[in-house]
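Asker:
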Amino acid sequence: MQDPLAKIKQKLQDEIETLAHELNVELPKEIAVARAHGDLSENAEYKYAKERQGYVNARMGQLKKRLGDLGMLNLTNIPKDRAGYGSRILVLDLQKDVKIEYKLVSSEEGDVEKGLISTTSPIGKALLNRKVGDEIEVTTPAGKKEFEVIKLVTIHEDV
Numbered sequence: 014m015q016d017p018l019a020k021i022k023q024k025l026q027d028e029i030e031t032l033a034h035e036l037n038v039e040l041p042k043e044i045a046v047a048r049a050h051g052d053l054s055e056n057a058e059y060k061y062a063k064e065r066q067g068y069v070n071a072r073m074g075q076l077k078k079r080l081g082d083l084g085m086l087n088l089t090n091i092p093k094d095r096a097g098y099g100s101r102i103l104v105l106d107l108q109k110d111v112k113i114e115y116k117l118v119s120s121e122e123g124d125v126e127k128g129l130i131s132t133t134s135p136i137g138k139a140l141l142n143r144k145v146g147d148e149i150e151v152t153t154p155a156g157k158k159e160f161e162v163i164k165l166v167t168i169h170e171d172v
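In terms of the working numbering, the sequence shown opens at residue 14 and continues consecutively.
(1) First and last residue of the beta strand (DSSP E) that includes R101?
(2) Between which two residues does the alpha helix (DSSP H) harbouring E43 extend?
(3) Tell me where the alpha helix (DSSP H) around L140 begins and ends.
(4) Below 9 Å between beta carbons: does that hold for I149 and V166?
(5) Under 8 Å Cβ to Cβ from K112, same chain only, skipping five residues before and after it: list those, please.
(6) Evaluate the contact criterion for the region 27-38 versus the region 62-69: three or more CB pairs, one atom per stretch, below 8 Å.
(7) Note down the Cα distance separating L88 from A71, rounded to an integer number of angstroms.
(8) Going by DSSP in three states, S119 sits in which element: helix, strand or coil?
(9) Who are the Cβ neighbours of K93 in its own chain at under 7 Å, not counting the five residues just before and after it?
(10) So the beta strand (DSSP E) I130 belongs to, where does it begin and stop?
(11) Taking the alpha carbon of S191 as the point to measure from, which residue in G156, G97, E126 and D110 has its own alpha carbon closest?
(12) According to DSSP, simplified to helix, strand and coil, what is V111?
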């Protein structure tokens, strides 16, 4: 099985590289120019550059942690008989009598319009470890929803 997370890892790595360039090249130049203007206590450019520097540092830390977390993810541990990362799940909305297909993905891949639902979202969490026939009640920002799982294709079957 090819690494389905490779695209996500590359996206995170690209953002880290962009932020590293900003942190090590662009921001030092901005800070130097702002310092040249004199009094730093009332210097908006200096204040902005320092704040941006703090934000970029924090964001890089988050991205590196997420990249490390993804590196430790072992896709062979995902259950073969229950919903997990990469599963496609067809559910029946019991209130509207409508069938909806979701694919459980990481938070970086989530796109509700395309049916890609993050495993960290309320519906994604509720669908994890479910089997065909399970009924689920989940509280979402739009209110309570009730689903029944009618079809499940796990990442192991979805080739």
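Backbone N, C-alpha and C define an ideal beta-carbon position, used for all residues, glycine too.
Answerer: In short, the structure shows the following:
(1) R101 to D106
(2) L40 to A49
(3) P135 to L140
(4) no
(5) L103, V104, L105, D106 and I163
(6) yes
(7) 29 Å
(8) coil
(9) T167 and H169
(10) L129 to S131
(11) Nothing can be reported for residue 191, as the shown portion of the chain is limited to 14 through 172.
(12) strand
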